[in-house]
Structure formats: C-alpha cells, structure tokens
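So the sequences go chain by chain: L and D.
Here our numbering runs 55 ahead of the position in the first sequence, where the first position is 1.
Here our numbering runs 3 ahead of the position in the second sequence, where the first position is 1.
The structure appears below as structure tokens.
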Amino acid sequence: SQKIEQNSEALNIQEGKTATLTCNYTNYSPAYLQWYRQDPGRGPVFLLLIRENEKEKRKERLKVTFDTTLKQSLFHITASQPADSATYLCALDTSGGYNKLIFGAGTRLAVHP
Amino acid sequence: EAGVTQFPSHSVIEKGQTVTLRCDPISGHDNLYWYRRVMGKEIKFLLHFVKESKQDESGMPNNRFLAERTGGTYSTLKVQPAELEDSGVYFCASSRSYGRGETQYFGPGTRLLVL
Numbered sequence: 056s057q058k059i060e061q062n063s064e065a066l067n068i069q070e071g072k073t074a075t076l077t078c079n080y081t082n083y084s085p086a087y088l089q090w091y092r093q094d095p096g097r098g099p100v101f102l103l104l105i106r107e108n109e110k111e112k113r114k115e116r117l118k119v120t121f122d123t124t125l126k127q128s129l130f131h132i133t134a135s136q137p138a139d140s141a142t143y144l145c146a147l148d149t150s151g152g153y154n155k156l157i158f159g160a161g162t163r164l165a166v167h168p
Numbered sequence: 004e005a006g007v008t009q010f011p012s013h014s015v016i017e018k019g020q021t022v023t024l025r026c027d028p029i030s031g032h033d034n035l036y037w038y039r040r041v042m043g044k045e046i047k048f049l050l051h052f053v054k055e056s057k058q059d060e061s062g063m064p065n066n067r068f069l070a071e072r073t074g075g076t077y078s079t080l081k082v083q084p085a086e087l088e089d090s091g092v093y094f095c096a097s098s099r100s101y102g103r104g105e106t107q108y109f110g111p112g113t114r115l116l117v118l
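Right, here's the structure in full:
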C-alpha cells in the first residue's frame with residue numbers, strides 16, 4: 056500500500072544543534088517533494104521543494120535531501136532556535152505537476168533554550 | 004499582498020445541518036485547492052480548481068460535498084447534510100499556476116465540528 060511516514064514522536068533538541076527530520080515513502084514515485092511548517096491554529100507554510108532529479112536543496116539554515124532509491128527525504132535545520140519549534144510536514148506531488156499534494160502526518164519539533 | 008483567507012474560522016453545527024465554507028485565494032491565483040485534516044489524520048487533498056473549472060475532484064469523499072468557484076475568484080465548499088465524521092480542519096490553498104513545483108499558499112483553515 057502507499058504511505059508516507061514521518062517520525063511520529065516529537066523531536067526535542069537543544070538550541071544551536073541541528074535538527075534532522077525524516078520522511079519515508081513507499082509505493083509512490085513523486086516528481087517533487089515539499090516540506091512545510093505548520094504552527095498551531097495555522098495553515099501549512101511552504102519551506103522548500105526538491106525535484107526527483109535533485110539530491111540536495113538549501114535555503115538559509117534549511118537543507119533538504121532527496122534519495123529516490125531509498126525513497127527518503129531528510130530535512131535539516133542547522134543552528135536551531137526556539138522559534139523553529141513547530142510541526143514539519145513533508146508532502147509528495149505525484150500528479151505530474153498538478154500540485155495534488157499527499158501529506159505525511161508531520162513531526163513536531165521542540166527546540167529548547 | 005493579502006494571503007489566502009477562509010471564513011468562518013470555526014463552525015459548530017449539528018448532524019444533518021448544512022455548512023458552507025468560503026475561501027478567498029490570493030489575487031491573481033488561478034489555482035485553488037481544498038484539503039482537510041480529520042482528527043488524528045494527515046492532511047488530505049479534496050479537489051483542485053483551475054479558474055472556475057474543476058481540474059481534479061478525486062479527493063471529494065462523497066456527494067454530500069459540493070465545491071464551487073463561480074467566476075474563478077473565491078470558492079465555497081458546502082457540506083449537506085453534515086455527518087459526525089466531517090469534523091476536522093478544512094484548508095484552502097492557492098497557486099498562481101500549476102506548473103511543476105508551483106508553491107501553494109495555504110489559508111489558516113476552518114475548524115468544523117459536527118455534533
């Protein structure tokens with residue numbers, strides 16, 4: 056069956072450390088993989104997109120990797136700050152660009168001072 | 004530039020009643036999407052409009068749900084009659100086009116509780 060798995064348990068880290076979140080998927084062939092941030096009571100906010108032919112993408116303190124052989128994406132936040140505390144969602148676009156997103160359940164990140 | 008707005012922010016109705024949710028996309032965005040998250044589950048796609056046309060409505064759960072986008076601007080999602088399992092958060096998103104990798108901008112969601 057098709058599924059997307061993200062760390063179900065919350066990730067707790069100390070300020071200044073690197074947070075690494077995992078997104079694994081099975082039986083999908085996504086053209087794109089996207090990462091979103093969601094704060095309580097708000098909608099998801101787009102962070103980064105990586106294409107199937109890209110290995111890595113960076114934006115400021117954020118880095119995403121995409122391994123289509125392992126069917127896995129890793130999302131890194133370097134020099135983490137308490138303001139980075141949120142739920143992070145990965146989403147696949149398997150619709151050939153029509154942006155029909157399939158979301159994982161999300162991983163809650165807590166960065167402690 | 005205003006973001007995606009949704010109305011109401013919360014709605015509490017009784018089973019069997021009708022509820023209409025509204026979404027105003029970012030101005031100039033031809034693409035509008037509806038998603039929902041039911042309790043404890045992941046966000047799931049409902050449908051996609053390109054202007055006023057339904058591009059993909061494969062995620063609509065059943066015929067109690069009706070989405071419209073007259074004139075290609077705002078959209079409404081009507082649930083009639085509402086059932087208990089319809090409770091959840093309904094998100095709307097918009098994008099300028101649906102080219103590969105186009106960013107979707109999400110609204111804050113409408114929290115629907117059916118009693």
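Think of the CB as a built atom: it goes at the ideal place given N, C-alpha and C, for glycine as much as any other residue.
Item to check | Residues that D/F94 contacts on chain L, provided the C-beta gap is smaller than 7 Å | outcome: G98
Checklist entry - Do you know offhand how far L/T120's Cα is from D/T21's? => result 44 Å
Checklist entry - Name the chain D residues that come within less than 9 Å of L/L156, Cβ to Cβ? => result Y36, Y38, I46, F48, A96, Q107
Checklist entry - Taking the beta strand (DSSP E) that L/A74 falls in, what are its first and last residues? => result 74-81
Item to check | Pick from D/V7, D/F109, D/K44, D/L80 that is closest to D/E60, judged by C-alpha positions | outcome: D/L80
Checklist entry - Leaving out five residues before and five after L/K155 in sequence, what residues of the same chain have Cβ atoms less than 8 Å from its Cβ? => result D148, T149
Checklist entry - chain D partners of L/F101, CB-CB under 9 Å? => result T106, Q107, Y108, F109
Next on the checklist: Give me the chain L residues within the contact set of D/G112, using Cβ-Cβ distance strictly less than 7 Å, ordered along the chain.
Outcome noted: G98
Next on the checklist: Just to confirm, is the Cβ distance from D/G62 to D/L50 under 9 Å?
Outcome noted: yes
Checklist entry - Among residues of its own chain, excluding the 5 on either side of D/V41, which ones have a beta-carbon nearer than 6 Å to its beta-carbon? => result G91
Next on the checklist: Counting C-beta neighbours from all protein chains within 10 Å, is the total for L/Q61 16 or more, i.e. buried, or is it exposed?
Outcome noted: buried
Item to check | D/G74 (DSSP reduced to helix, strand or coil) | outcome: helix
Checklist entry - With distances taken between CB atoms, is the gap from L/I105 to L/Y80 smaller than 9 Å? => result no
Checklist entry - Given that D/D89 touches chain L, what residues does it touch there, using C-beta distances under 8 Å? => result Residues of chain L passing the Cβ test: none, with the nearest at roughly 19 Å.
Next on the checklist: Please classify L/L164 as buried or exposed, where buried requires at least 16 neighbouring CB atoms within 10 angstroms.
Outcome noted: buried
Checklist entry - Is any beta-carbon of chain D found at less than 9 Å from that of L/A141? => result no
Next on the checklist: I'd like the list of long-range same chain contacts for L/Q89, defined as Cβ closer than 6 Å, with 5 residues on each side in sequence excluded.
Outcome noted: L104, A146
Checklist entry - Using the beta-carbon of each residue, which ones in chain L are nearer than 7 Å to D/H32? => result Here the premise fails: no neighbours, minimum Cβ distance about 12 Å.
Checklist entry - Residues bridged to D/A96 by DSSP? => result D/Y36, D/F109
Next on the checklist: To test your reading of the DSSP string, which unbroken alpha helix (DSSP H) runs of 4 or more residues are found completely within the stretch 102-163 of chain L?
Outcome noted: none
Item to check | For L/D94 and L/A65, believed in contact at Cβ under 8 Å, the rounded distance | outcome: Actually they do not touch by this definition, with Cβ atoms about 14 Å apart.
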